[in-house]
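Residue numbers (our numbering), protein chains in the order written: chain A, 26 to 137; chain B, -15 to 226.
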């Protein structure tokens, strides 16, 4: 059996790089989104004012956006991280078990 | 242990597509996700009524749709396993169920956060929300059945029954907003979505987001499938060393 450890670790590094890029773009995007709320159409200005009066202005919504962003990406990357760790454990276990079996086979072969 | 038992080691398990396919998929996924984030945060207009919170749509809708799609994958793979008796189909079904449970959990959590911001409540017993919760319980039930129920083909058969119930629930969740009067907004993507329900630029961003999350789903499914096959290999080796 040939497990591609190298390839997998490359994949993990790329996944980590993708996460960093996603977080940076997300942070920039959230800043842009906050800025864009200042340019909303005039018909929503009264409503925005009402939201601000009620204590839930655009900044509160930005927190929500960050929350959803973190939950979604945290969920996905957490799952992939747990999966890759479990895969490494499995590979180690398979190697150890194959070693035991080979060893037993050699011992029994020598006994003959 | 006799020599006969150890003479032939289990054949290497098929781990799914080769490494370069997976790496290519991951790179394509990361690139499309970067495009999605650009479209969502810099290109798509801000909703006049909901403001910034509307941008939750681009994350919430793809994970919810893929959560529904995943139970259909579980059902189809389970039926294929029952027909062909191939273990690989059962591995696909189990892997899709685990990812589907994650996606449905994310859809419920992000939906609750959005609901709190727009409706003022975390949860309401709306038909669409309730049926989504039922789907989540079906996923959890399937995974618990596979973990604690009978092993081998019998467990796979029981799991297939649960998966088929889930596959019936999926279209009900999708059409709930059209079948019943619900608080949940009507469909914005798919065959029965109202035309012009959202701004064309928002629709483009949503479709690209859906494509990016679909690629991520495929990549995660391939990885989970490979892990499932490794687990099967370990079980086989333990059986031989016992």
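The beta-carbon is built from N, C-alpha and C at its ideal position, and this holds for glycine as well.
Taking C-beta to C-beta, are residue i and residue j nearer than 8 Å?
i                      : j                      : result
residue 122 of chain A : residue 221 of chain B : yes
residue 154 of chain B : residue 65 of chain B  : no
residue 107 of chain B : residue 96 of chain B  : yes
residue 101 of chain A : residue 127 of chain B : no
residue 16 of chain B  : residue 54 of chain B  : no
residue 122 of chain B : residue 150 of chain B : yes
residue 47 of chain B  : residue 97 of chain A  : yes
residue 206 of chain B : residue 6 of chain B   : yes
residue 216 of chain B : residue 71 of chain B  : yes
residue 99 of chain B  : residue 93 of chain B  : no
residue 223 of chain B : residue 75 of chain B  : no
residue 192 of chain B : residue 19 of chain B  : yes
residue 188 of chain B : residue 23 of chain B  : yes
residue 113 of chain B : residue 168 of chain B : yes
residue 132 of chain B : residue 13 of chain B  : no
At a CB-CB cut-off below 7 Å, which residues of chain A make contact with residue i?
i                      : result
residue 186 of chain B : Chain A residues near residue 186 of chain B: none, gap ~13 Å exceeds 7 Å.
residue 168 of chain B : Correct list: empty, because the minimum Cβ distance to chain A is about 16 Å.
residue 48 of chain B  : Residues of chain A passing the Cβ test: none, with the nearest at roughly 11 Å.
residue 217 of chain B : 119
Opposite residue i in the DSSP bridges: which residues?
i                     : result
residue 31 of chain B : B:35
How many angstroms separate the CA atom of residue i from the CA atom of residue j?
i                      : j                      : result
residue 134 of chain B : residue 84 of chain B  : 22 Å
residue 39 of chain B  : residue 170 of chain B : 16 Å
residue 43 of chain B  : residue 90 of chain A  : 10 Å
residue 110 of chain B : residue 166 of chain B : 6 Å
residue 26 of chain B  : residue 116 of chain B : 31 Å
residue 102 of chain B : residue 35 of chain B  : 10 Å
residue 105 of chain A : residue 116 of chain A : 16 Å
residue 37 of chain B  : residue 60 of chain B  : 36 Å
residue 137 of chain B : residue 112 of chain A : 24 Å
residue 63 of chain B  : residue 109 of chain A : 29 Å
residue 156 of chain B : residue 120 of chain B : 14 Å
residue 87 of chain A  : residue 210 of chain B : 38 Å
residue 194 of chain B : residue 134 of chain A : 58 Å
residue 69 of chain B  : residue 218 of chain B : 20 Å
Counting only Cβ pairs nearer than 8 Å, list the residues of chain A close to residue i.
i                      : result
residue 222 of chain B : 122
residue 43 of chain B  : 93, 94, 97
residue 71 of chain B  : Correct list: empty, because the minimum Cβ distance to chain A is about 16 Å.
residue 97 of chain B  : 89, 92, 93, 96
residue 40 of chain B  : 89, 90, 93
Taking residue i as the query, report the chain B residues whose CB atoms sit under 7 Å from its CB, ordered along the chain.
i                      : result
residue 106 of chain A : Those within 7 Å of residue 106 of chain A in chain B number zero; the least Cβ separation is about 11 Å.
residue 101 of chain A : 200
Quick one: which chain A residues come within Cβ less than 9 Å of residue i?
i                      : result
residue 135 of chain B : Residues of chain A passing the Cβ test: none, with the nearest at roughly 18 Å.
residue 211 of chain B : 108, 109, 111, 112, 115
residue 194 of chain B : Those within 9 Å of residue 194 of chain B in chain A number zero; the least Cβ separation is about 14 Å.
My guess is that residue i and residue j are in contact by the Cβ rule of under 8 Å, so how many angstroms apart are they, rounded?
i                      : j                      : result
residue 147 of chain B : residue 77 of chain B  : 6 Å
residue 29 of chain B  : residue 185 of chain B : 6 Å
residue 158 of chain B : residue 52 of chain B  : 6 Å
residue 41 of chain B  : residue 190 of chain B : 7 Å
residue 225 of chain B : residue 119 of chain A : Their Cβ separation, rounded to whole angstroms, is 12 Å, which puts residue 225 of chain B and residue 119 of chain A out of contact at 8 Å.
residue 57 of chain B  : residue 80 of chain B  : 4 Å
Find the residues of chain D that neighbour residue i, judging by a C-beta separation of less than 8 Å, and give them in chain order.
i                      : result
residue 214 of chain B : No chain D appears in this structure, whose protein chains are A and B.
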